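So for the sequence shown, UniProt numbering puts the first residue at 1; every next one is plus one.
Every residue, glycine too, gets a C-beta built ideally from N, C-alpha and C.
Since the structure is predicted, the reported quantities are computational estimates derived from the model, not experimental observations.
The next block holds one structure in the form of structure tokens; read it before the comments.
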Amino acid sequence: MCASCPPSSPAADPASGDSRVSFPAPGSKAELESGLALTPRFDAAGLVTAVVTDAADGTVLMLAHMNAEALRLTVETGVAHYWSRSRNALWRKGDTSGSLQHVREMLVDCDQDAVVLKVSVDGSGASCHTGRRSCFYRAVDLGPGGGALRFVEAEPMVDPEALYGKGPA
């Protein structure tokens, strides 16, 4: 659980005045594709995929995962929360680095198993744990003999050791 996140709790009870976001179970294909209710289809691990882009210019910043609690907190607070599969923990992006991601718009895909977060980033603007703006900082050469990587964002914006006390994992 992230230090700044409220304790986990059961689904909201509108009759009690609880205004927390809750997610109804996914309905029919027509409801998923054309309905107006957010009914996320979490995978077997309880996650949906989140593609994160810069709200100003559309640059892809990162790919992450959200469990129901991370999705709920993101919707309620407007600040991106994710589920770390490697740490098996909820985290609010930017708690350590100062690069909070403020969600300007959230889109859901046709079958509601993925979201796009259009964000503005505080602090250094780095979204990657390597200190770069984007986690997608290398391109793959295509064509015969391809497969080599080349940097498209060579230098980190910030020293990750200064932020996290260790180099990139």
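About 7 angstroms separates the Cβ atoms of A25 and T39, confirming a contact at the 8 angstroms cut-off. Note on K93: 16 or more other CB atoms within 10 angstroms of its CB, so buried under the neighbour-count rule. Contact between the stretch 123–131 and the stretch 150–158 is present, with at least three C-beta pairs closer than 8 angstroms. In summary, R138 is exposed, with fewer than 16 beta-carbon neighbours lying within 10 Å of its beta-carbon over all protein chains present. S28 and D109 have their C-alpha atoms roughly 15 angstroms apart. The stretch 48–64 makes contact with the stretch 110–120, as at least three CB pairs between them are under 8 angstroms. Across the structure, M62 and A70 are spaced so that their CA atoms are roughly 16 angstroms apart. Rounded to whole angstroms, the separation of the alpha carbons of C135 and G146 is 21 angstroms. Following the DSSP letters along the chain, one finds L90 inside the beta strand (DSSP E) bounded by residues A89 to R92.
For G123, same chain residues with a beta-carbon under 6 angstroms away, outside a window of 5 residues either side, are G98 and S99 in chain order.
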